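Numbering-wise, this note's numbering comes out as the position in the sequence shown, counting from 1, plus 6. Glycine residues also receive a C-beta, built at the ideal position from the N, C-alpha and C atoms. Note that the coordinates shown come from a computational prediction; the quantities given were computed from them, not determined experimentally.
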Amino acid sequence: MGITPEDRSYSNSKNLFFGVFMRNKTYNKKKMLVVFLSALLMIFFLIARLVYLMIFDAAYYQQKAKTLHEREREIKAARGEIIDRNGKVLATNKAVCTISVIHSQITDPERVIQVLADELGIEKEMIRKRVEKVSSREKIKTNVEKETGDRIRAYELDGVKVDEDFKRYYPYGNLASKVLGFTGGDNQGIIGLEVKYENYLKGVNGMILTTTDARGIELADTLEDRVEPVSGDTLQVSLDYNIQEYAQQAAEKVMEEKQADAVSVILMKPDNGEIFAMVNVPEFDLNDPFTLQVNEMESLDQTAEVQQSEENNSVENRQDLLNQMWRNGSINDTYEPGSTFKIITTAAALEEAVVTPEDSFYCPGYKVVEDRRIRCHKTTGHGAETFTQGIMNSCNPVFIELGLRLGVERFYKYFQTFGLLDKTGVDLPGEAGTIMHDPKNMGQVELATVSFGQSFQITPLQLITTAASLINGGKRVTPHLALSVQDGSGNVLQEFSTEAGARIVSEGTSETLRGLLEKVVSEGTGKKAYIEGFSIGGKTATSQTLPRSEHRYISSFLGFAPAESPQVIGLVVIHDPKGIYYGGTIAAPVMKEIFENVLPYLGIEKKSVKNEDEAVAN
7 MGITPEDRSY SNSKNLFFGV FMRNKTYNKK KMLVVFLSAL LMIFFLIARL
57 VYLMIFDAAY YQQKAKTLHE REREIKAARG EIIDRNGKVL ATNKAVCTIS
107 VIHSQITDPE RVIQVLADEL GIEKEMIRKR VEKVSSREKI KTNVEKETGD
157 RIRAYELDGV KVDEDFKRYY PYGNLASKVL GFTGGDNQGI IGLEVKYENY
207 LKGVNGMILT TTDARGIELA DTLEDRVEPV SGDTLQVSLD YNIQEYAQQA
257 AEKVMEEKQA DAVSVILMKP DNGEIFAMVN VPEFDLNDPF TLQVNEMESL
307 DQTAEVQQSE ENNSVENRQD LLNQMWRNGS INDTYEPGST FKIITTAAAL
357 EEAVVTPEDS FYCPGYKVVE DRRIRCHKTT GHGAETFTQG IMNSCNPVFI
407 ELGLRLGVER FYKYFQTFGL LDKTGVDLPG EAGTIMHDPK NMGQVELATV
457 SFGQSFQITP LQLITTAASL INGGKRVTPH LALSVQDGSG NVLQEFSTEA
507 GARIVSEGTS ETLRGLLEKV VSEGTGKKAY IEGFSIGGKT ATSQTLPRSE
557 HRYISSFLGF APAESPQVIG LVVIHDPKGI YYGGTIAAPV MKEIFENVLP
607 YLGIEKKSVK NEDEAVAN
């Protein structure tokens, strides 16, 4: 039987359907494979991501999750103490409290308001605003005395939190206020050593972790977790409490007697630059540093300025007055040193061999330089004198002659060699630099005035540092306060170097200079600094401030002892004393008074004075 057309047509259709079916089946397989592989890849990615989150990012997300259910309350770390060279505490901490309220936990708001108003001395309405405010936490008052905080805690008021805190405390009030500095409300240093050594003193704050709801409201009756704070390290400084006290009392006394604007005193160890004392009166109360203080000796204009600032509540003006009150004149301000600078001129001249102690000079009461007649303080003149007598007399014409002998180039070179053109590097913020003529613009007249300490400005600290370097054998020292950093047990963690630096004059020059300056005190203008039984070297100065027409003066005296082997050097600077203003008359006696207390305290013994019979017997 043959194949009919119908059979052939059926067969073709069947073959076509099968072919299409097979092609669709292959396509679907591929599609399913792609989908499967895509799903597998996605699953692998999700697994990998999950592993990454669980292993590598676990800590981060744990912390994120934790913060959703916990609120942090900071616990201030106890700031490290500042102690003097003998271990006496100059800055420490006082336990205080922070009082706050949590609105959602308060069950008796009226009682809370009443108790807090009575205990804290705050108006009820101010407390009510915070109690009724719907928030996670409202601070009522910080730096609350611990005794008050303990009383509030004893009431067991729902919704009232009493957290421990620390406040900086200075046991001796205004002692060395402009050196120590103080801290702000955040317990961070603002001025002085407190800010300079912030990294050592600040410590690490702790936390109180409390459970909260989804709105961030702390839940009642839940346990608190604590992360304990880490106290700061102790800073030991070169200040000596007793020496600082001696110096400050002497400064306050002369300030009152002479109705001066300010008085600065610096005492230093000349061989290594350790600062025994740095006084800048009027000092301010370290425990109340943001209250403007008006000293009895200050002018009526200043008093009125402070009162007006308080009345007007001028933030900018008040801050300016606070900055003035905090200012450390020993390092922040420059002045014309006057005749104390003759120490430096003498050292340069001796080192360059342009003068010897026996050289002869003549003083008619002035010296003509170019077209200028520059007078001596003794207008009638000193007449014929040796250089030794010239420095004893503090004779300006003698030192003008030394300056001219040195010349601008050599004189300026010694400015650089002695370190006068650089800052001292003291470890206190805000040190000012020397204001000096450009050597290109320094003529003979400028050279003459510089030689006896006028027409330029330096800081008191720069002057005493340079003088210390010249009389200690001739090596430059860096003034400093920090001695070491210690842990809470007194173990030394870090010591600060006190080694002398480069030599700036020879030992011979230094020895000669000490001998000349001893003559100034024993026989010359510095007689009022003389103390029987002690060899003291020094130099007086009286300089006039700008503008000269106002007739305002600065009286000063720089002294050291023992003259042959100095163990202490001091500088007294009295700003605008009323009445007699000569340095030898009013500044030298201040240093005498200080040395009378300090020298025996440092173990410097008096030399015995032998009578004639003993001398013969020996």
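Is any non-hydrogen atom of the ligand FAD found closer than 7 Å to the C-beta of residue i, if you look at the structure I gave you?
i: L608; result: The model depicted lacks the ligand FAD and carries no ligand whatsoever.
Which partner residues does residue i have in the DSSP bridge list?
i: A474; result: DSSP lists no partner for A474.
i: Y175; result: T98
i: R378; result: V375
i: V574; result: A567
i: C369; result: G389
i: R509; result: K481
i: E364; result: Paired residue(s): none; E364 is not in a bridge.
i: T104; result: D169
i: T240; result: Q492
i: G543; result: F566
i: K147; result: I105
i: I441; result: Q463
i: V41; result: Answer by DSSP bridge pairing: none, since V41 is not bridged.
i: H383; result: BP columns for H383 are empty, so no partner.
i: V498; result: Q492
i: A268; result: H581
i: G195; result: T189
i: S549; result: I560
i: V210; result: V236
i: Y418; result: DSSP output for Y418 lists no bridge partner at all.
Have a look at residue i and residue j and give me their C-alpha separation to the nearest angstrom.
i: K612; j: Q254; result: 24 Å
i: E304; j: V287; result: Low per-residue confidence applies at E304: pLDDT is 47, beneath 50, and the placement is therefore not dependable enough to give any value.
i: L522; j: I600; result: 22 Å
i: L74; j: Y203; result: Any reading at L74 needs caution, since the residue's pLDDT is 47, under 50, leaving its predicted position unreliable; the model's value is listed next. Each residue's alpha carbon lies about 37 Å from the other.
i: F417; j: G514; result: 20 Å
i: R134; j: I112; result: 12 Å
i: L453; j: L410; result: 7 Å
i: M261; j: T297; result: 22 Å
i: K94; j: G431; result: 26 Å
i: D124; j: S142; result: 24 Å
i: M448; j: D277; result: 33 Å
i: F42; j: K36; result: 10 Å
i: V233; j: G439; result: 46 Å
i: V414; j: Q242; result: 43 Å
i: S336; j: E437; result: 9 Å
i: E570; j: F540; result: 10 Å
i: I61; j: G198; result: 48 Å
i: V269; j: G344; result: 16 Å
i: M274; j: S516; result: 18 Å
i: Q450; j: L408; result: 12 Å
i: M284; j: E251; result: 10 Å
i: V321; j: G155; result: 32 Å
i: I214; j: G127; result: 27 Å
i: L608; j: E602; result: 11 Å
i: G547; j: S495; result: Residue 547 is actually Ala in this sequence, not Gly. Looking at the two C-alpha atoms, the distance is approximately 47 Å.
i: G187; j: V491; result: 18 Å
i: N399; j: A390; result: 12 Å
i: I610; j: G480; result: 22 Å
i: K429; j: L56; result: 60 Å
Taking residue i and residue j to be in contact with their CB atoms under 8 Å, please state how far apart those CB atoms are, rounded to whole angstroms.
i: T351; j: K525; result: Wrong, their Cβ atoms sit about 16 Å apart, outside the cutoff.
i: K365; j: D582; result: It should be noted that the sequence gives Asp, not Lys, for residue 365. In fact, because the Cβ distance is near 36 Å, the residues do not count as touching under 8 Å.
i: R85; j: K208; result: 6 Å
i: T340; j: G459; result: Not quite, the Cβ-Cβ distance comes to about 13 Å (not below 8 Å), so this is no contact.
i: A83; j: G212; result: 7 Å
i: K130; j: I146; result: Going by Cβ atoms, the distance from K130 to I146 rounds to 12 Å, so no, they are not a contact pair.
i: T484; j: G279; result: 5 Å
i: L245; j: L487; result: 7 Å
i: I510; j: T423; result: 5 Å
i: N334; j: V185; result: 7 Å
Any C-beta of chain B sitting closer than 8 Å to the C-beta of residue i?
i: L292; result: The chain labelled as chain B is not found in the depicted structure, where only one protein chain is given.
Exercise. Decide if the stretch 177–188 is in contact with the stretch 289–300; the criterion is three or more beta carbon pairs, one per stretch, under 8 Å apart.
Key: Flag = yes, the stretch 177–188 and the stretch 289–300 touch.
Quiz item: Where in the stretch 276–300 do unbroken runs of the beta strand (DSSP E), each at least 3 residues long, occur, reported from the N-terminal end onward?
Solution: The stretch 276–300 is shown to contain whole beta strand (DSSP E) runs of 3 or more residues at 281–287, in chain order.
Quiz item: Touch check for the stretch 34–53 and the stretch 140–160: three-plus C-beta pairs under 8 Å?
Solution: Counting Cβ pairs under 8 Å, fewer than three are found: no touch.
Practice problem: Decide if the stretch 320–339 is in contact with the stretch 366–381; the criterion is three or more beta carbon pairs, one per stretch, under 8 Å apart. | Solution: No, they do not touch.
Quiz item: Counting Cβ pairs, one atom from each stretch, are 3 or more of them under 8 Å apart for the stretch 160–170 and the stretch 189–204?
Solution: The stretch 160–170 makes no contact with the stretch 189–204; the number of CB pairs closer than 8 Å stays below 3.
Practice problem: Evaluate contact between the stretch 459–471 and the stretch 563–579, counting only Cβ atoms and requiring at least three cross-stretch pairs below 8 Å. | Solution: With the cut-off at 8 Å, the stretch 459–471 and the stretch 563–579 touch.
Exercise. Could you tell me whether the stretch 581–597 touches the stretch 544–564, using the rule of 3 or more Cβ pairs below 8 Å?
Key: Yes, the stretch 581–597 touches the stretch 544–564.
Quiz item: Are the stretch 352–361 and the stretch 371–378 touching by the rule of at least three beta carbon pairs closer than 8 Å?
Solution: Contact check between the stretch 352–361 and the stretch 371–378: fewer than three CB pairs, one atom from each, fall below 8 Å, which does not count as touching.
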